[in-house]
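Q:
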Amino acid sequence: MTYTQRWQELLDLAPGPGALKHSGGPWTGASGTADELRVRAEGGRRSLATGHEGVGTAGAGLTSVASLRAVLASWEERLTAVRDECAQLTGALSKVAKELGETDTAVGHSFGGARPDGGNR
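Reading the sequence shown from the start, the letters are residues 3 to 123 in this note's numbering.
#1: Note the first and the last residue of the continuous alpha helix (DSSP H) segment covering residue 31.
#2: Contact check, residue 84 vs residue 39 under 8 Å by CB: the rounded distance?
#3: Count the other C-beta atoms from every protein chain shown that fall within 10 angstroms of the C-beta of residue 15, then say buried if there are 16 or more, exposed otherwise.
#4: So, using beta-carbon positions, are residue 99 and residue 9 closer together than 8 Å?
#5: Residue 89 by DSSP, collapsed to three states: which one?
#6: Would you report the Cα separation of residue 68 and residue 103, rounded to the nearest angstrom?
#7: Starting from residue 13, follow the alpha helix (DSSP H) in both directions and report where the run begins and ends.
#8: For residue 43, does the count of other Cβ atoms within 10 angstroms reach 16, so buried, or fall short, so exposed?
#9: Quick one: is residue 6 buried, meaning 16 or more other Cβ sit within 10 Å of its Cβ, or exposed?
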């Protein structure tokens, strides 16, 4: 039996094209969502800062001003952490999408020549 015949025999045993296929789509979508969240977190952080401008002066003498500043600082810290984490995720998820796409293409090309029909099945 020739090498080509053996490959054809193995291909004939396969149930079909198979269901396991990688796609960059979900990873690219997740990357876009992470980036949108990054932008919104930064926008929210800026809005909080703008909304609290002048509070110290306008509320001078009120004990609640110190509490308000502490809450603002806490939210700014949280939103900054969300923004930074989303920035990291955006890049990582994009990289996965790119690598999966390149891997699928490389694997597909490597098997194309092994098929008797030149990869057209």
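Note that the Cβ used here is the ideal one computed from N, Cα and C, for glycine as well. Since the structure is predicted, the reported quantities are computational estimates derived from the model, not experimental observations.
A: Put simply:
#1: Taking the sequence shown and counting its residues from 1, the one referred to as residue 31 is at position 29. Where residue 31 is concerned, the enclosing alpha helix (DSSP H) stretches over 27-53.
#2: On the sequence shown, residue 84 is found 82 positions in, with the first residue counted as 1. On the sequence shown, residue 39 is found 37 positions in, with the first residue counted as 1. Yes, residue 84 and residue 39 are in contact; Cβ-Cβ is about 7 Å, under 8 Å.
#3: Looking up residue 15 in the sequence shown gives position 13. It counts as exposed.
#4: In the sequence shown, residue 99 corresponds to position 97, counting from 1. In the sequence shown, residue 9 corresponds to position 7, counting from 1. No. Outside cutoff.
#5: For the purposes of this step, residue 89 is identified with residue 87 of the sequence shown, where counting begins at 1. Residue 89 falls in the helix class under three-state DSSP.
#6: Taking the first residue of the sequence shown as position 1, residue 68 is located at position 66. Taking the first residue of the sequence shown as position 1, residue 103 is located at position 101. Each residue's alpha carbon lies about 53 Å from the other.
#7: Numbered from 1 along the sequence shown, position 11 holds the residue referred to as residue 13. From DSSP, the alpha helix (DSSP H) with residue 13 extends over 5-15.
#8: Here residue 43 is taken as the residue at index 41 of the sequence shown, counted from 1. Label assigned to residue 43: buried.
#9: As a working mapping, residue 6 is identified with position 4 in the sequence shown. The residue is exposed, with fewer than 16 neighbouring Cβ atoms inside 10 Å.
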